[in-house]
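Student:
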Amino acid sequence: MKKNNSSLLIGILVVVIITAAVTWQAGTLSGRFGGFRGIDEARASMKALPMEIGKWKAEEDRTISDGAVKMLQIQNSYILRTYRHADTQEAVHMTLMVGPSGIITVHTPEVCFGGRDYTKEAARTRVPISVPSLSGDEDIDSAFWRVDFVGRSLDINNRISFYWGVSTGGAWQAVDAPRRHFQNKRFVYKLQAEAYSGAREDSDTVKRFLEDCLPTIHEHLSPCY
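Dropping the structure here:
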């Protein structure tokens, strides 16, 4: 009997230790057990991104719904803008955020967009983008996921192209398992940009926006911990 009781106590102790470890890890990654080291600097640097980058100009900052902000844990930690090109008048809707790696990396257009009005046109593709840095260092070799959605109506112009990637303060990355890939980082940056690509399937407004603006965006990222 004593042996059985000892085994039971050991089993309970193991469960308690595992539960505590999992809870602590989740709380640490979400910031529940204290603020992230460096998050204030990352937030301030990101929010200093200019409204005008080359020929792309944003008119005003917009807000994300309270529900989405709470779910992603990005209170005061995001930029939502529409940048328009001065010559072509092309418009790109950009969301740049910094927050808990395990939360913001898994919410993608494939998960959050579509439904009744739009359907995914094809599987997502990885798009490499290499741009020079403003500091004159080596080129920044980044990669973004791209996925297109097409409206269910007969409007042939109703195609939307999404790009998104994750950064720890350097190049942007498009990885298959972002939660696991960035699990050693308490917080990361996520950039998502989308535009109506129109009737032309080769139209790629978002890629042109990224090629023009990534050097400036890169200058407003700080290291993630």
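First residue of the sequence shown? That's 1003 in the numbering used here, and the numbers climb one at a time after it.
Just so it is clear, CB atoms sit at the ideal spot from N, CA and C, and this is done for glycine as well.
Using the Cβ count rule (16 or more neighbours within 10 Å means buried), how would you classify P1102?
Tutor: When all chains shown are included, P1102 counts as buried.
Student: Check whether the Cβ atoms of K1173 and I1142 lie closer than 8 angstroms to each other.
Tutor: Looking at the sequence shown, residue 1173 is not Lys but Ala. Yes. Within cutoff.
Student: Give the DSSP-derived three-state secondary structure of S996 in the structure shown.
Tutor: There is simply no residue 996 to check, as the chain begins at 1003 and stops at 1227 in what is shown.
Student: Give every residue of the same chain whose Cβ lies closer than 6 angstroms to the Cβ of L1216, excluding the five residues on either side of it in the sequence, and list them in chain order.
Tutor: Answer for L1216: V1133, listed in chain order.
Student: Check the C-beta distance from S1079 over to V1094 and give it rounded, since I have them as a contact under 8 angstroms.
Tutor: In fact, because the Cβ distance is near 21 angstroms, the residues do not count as touching under 8 angstroms.
Student: Enumerated in chain order, which unbroken segments of the beta strand (DSSP E) with a length of 3 residues or greater are wholly contained in the region 1130-1200?
Tutor: Segments of the beta strand (DSSP E) lying fully in the region 1130-1200: 1142-1153, 1161-1169, 1189-1198.
Student: Which first and last residues belong to the alpha helix (DSSP H) in which A1088 is found?
Tutor: Run containing A1088: none; DSSP gives neither H nor E here.
Student: Can you name, in chain order, every residue of its own chain whose Cβ lies under 6 angstroms from the Cβ of K1229, other than the five neighbours on each side?
Tutor: Missing from the structure shown is residue 1229; the chain here goes from 1003 to 1227 and no further.
Student: Is any beta-carbon of chain C found at less than 8 angstroms from that of E1061?
Tutor: Judged by its chain identifiers, the structure shown contains no chain C, having just a single protein chain.
Student: Please state whether the Cβ-Cβ distance between V1113 and P1180 is less than 8 angstroms.
Tutor: Going by C-beta atoms, V1113 is not nearer than 8 angstroms to P1180.
Student: Just to confirm my understanding: we take V1071, look at its own chain, exclude 5 residues before and 5 after, and list those with CB closer than 7 angstroms. What are they?
Tutor: If we look at V1071 and ignore the five residues flanking it on each side, its Cβ neighbours are Q1077.
Student: Please name the residue, chosen from L1074, K1057, T1127, that lies closest to K1192 on a Cα-to-Cα basis.
Tutor: Of L1074, K1057, T1127, the residue nearest in Cα terms is L1074.
Student: Pick out whichever of R1126, R1161, R1148 has its Cα sitting closest to the Cα of L1212.
Tutor: Closest by alpha carbon: R1148.
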